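Residue numbers (the working numbering): 30 to 264. By construction, the Cβ of each residue, glycine as well, lies at the ideal position given by its N, Cα and C atoms. Bear in mind that the values here come from a model prediction, so they are computed numbers and not experimental data. Presented below is the structure to which this report refers.
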């Protein structure tokens, strides 16, 4: 079987809406290729792009600072919380909105990224995506916190019920320093156990949320890498 990396992120595009009520990104030229030609030698040209967007765009990670003024911001999150995380994928039946602790109680989640696969990403870039989305219950968040999850992600509009303005899931997880990844996609391609998860944002100070290029490494790739480096002496 071919070892591979699996892309779990939506593509950020000009004009797309991630969350109703928030502005879409504006992607344009800062310096076009045509304009750059006057600055360089003949035959040499470059493009410098410009993007204006809110932090909650595309597939993104929430740090504690997103919810709490004294929480860790993106620049303070340790990489160990964001990269090369042992992963458990929790598959939820289509049509199930409330995802309670019973979906996690029989799983070993301590020290792992818990990725909730609902299939809601099939509605991305449609009006349906914003209505009736799946979410975790407050009890589920409390269980994951107490069970020692390292990160929690979901392929839905929000990990909370957007009708609950207290946002208990964000509050419970982020107060414990557990990053949240929302708007994932393609989780069906990941095995339930054994993969590694990566969701690293740009290192921005005084920022709580930012898009990520989330991806998973299949178990076969992890095994191959371990075999490659076994016996290698580091200096």
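Taking a contact as a CB-CB distance under 8 Å, the pair residue 148 and residue 123 counts as one, their CB atoms being some 5 Å apart. Taking a contact to require three or more Cβ pairs closer than 8 Å, the stretch 201–210 and the stretch 163–183 qualify as touching. The C-alpha of residue 61 lies about 9 Å from the C-alpha of residue 74. Counting along the chain, the unbroken alpha helix (DSSP H) around residue 202 starts and ends at 197–204. For the pair residue 212 and residue 43, the CB atoms are not nearer than the 8 Å cut-off.
In this structure the stretch 149–163 does not touch the stretch 220–235; the number of beta carbon pairs closer than 8 Å is below three. Exposed is the label assigned to residue 155, since fewer than 16 other Cβ atoms lie within 10 Å of its Cβ. From the listed residues 55, 215, 235, the smallest Cα separation to residue 98 is found for 235. In terms of Cα proximity to residue 92, the closest of 204, 54, 226 is 204. Taking 3 residues as the shortest admissible run, the stretch 69–118 contains the following complete beta strand (DSSP E) segments, listed from N- to C-terminal end: 77–81, 89–91. The alpha-carbon of residue 146 is positioned some 38 Å away from that of residue 59.
Nearest C-alpha to residue 121 among 87, 83, 144: 144. Scanning the stretch 198–246 from its first residue to its last, no whole alpha helix (DSSP H) run of 4-plus residues comes out. Shown here for residue 79: same chain residues with a beta carbon closer than 6 Å to its own, the five before and five after excluded, namely 57, 59 in chain order. If you draw a straight line from the Cα of residue 49 to the Cα of residue 191, it comes to about 11 Å. With contacts defined as CB atoms closer than 8 Å, residue 227 and residue 64 fail to qualify as a contacting pair.
When the beta-carbon positions are compared, residue 239 and residue 69 stay at least 8 Å from each other. For residue 173, the enclosing alpha helix (DSSP H) stretches over residues 167–176. For residue 178, same chain residues with a beta-carbon under 7 Å away, outside a window of 5 residues either side, are 138, 141, 143, 207 in chain order. About 4 Å separates the beta carbon of residue 167 from that of residue 197, a gap short enough to meet the 8 Å contact definition. Our two residues, residue 86 and residue 186, have alpha carbons roughly 11 Å apart in a direct line.
A direct Cα-Cα distance of roughly 51 Å separates residue 117 from residue 72.
In the structure shown, residue 192 adopts coil according to DSSP, grouped into three states.
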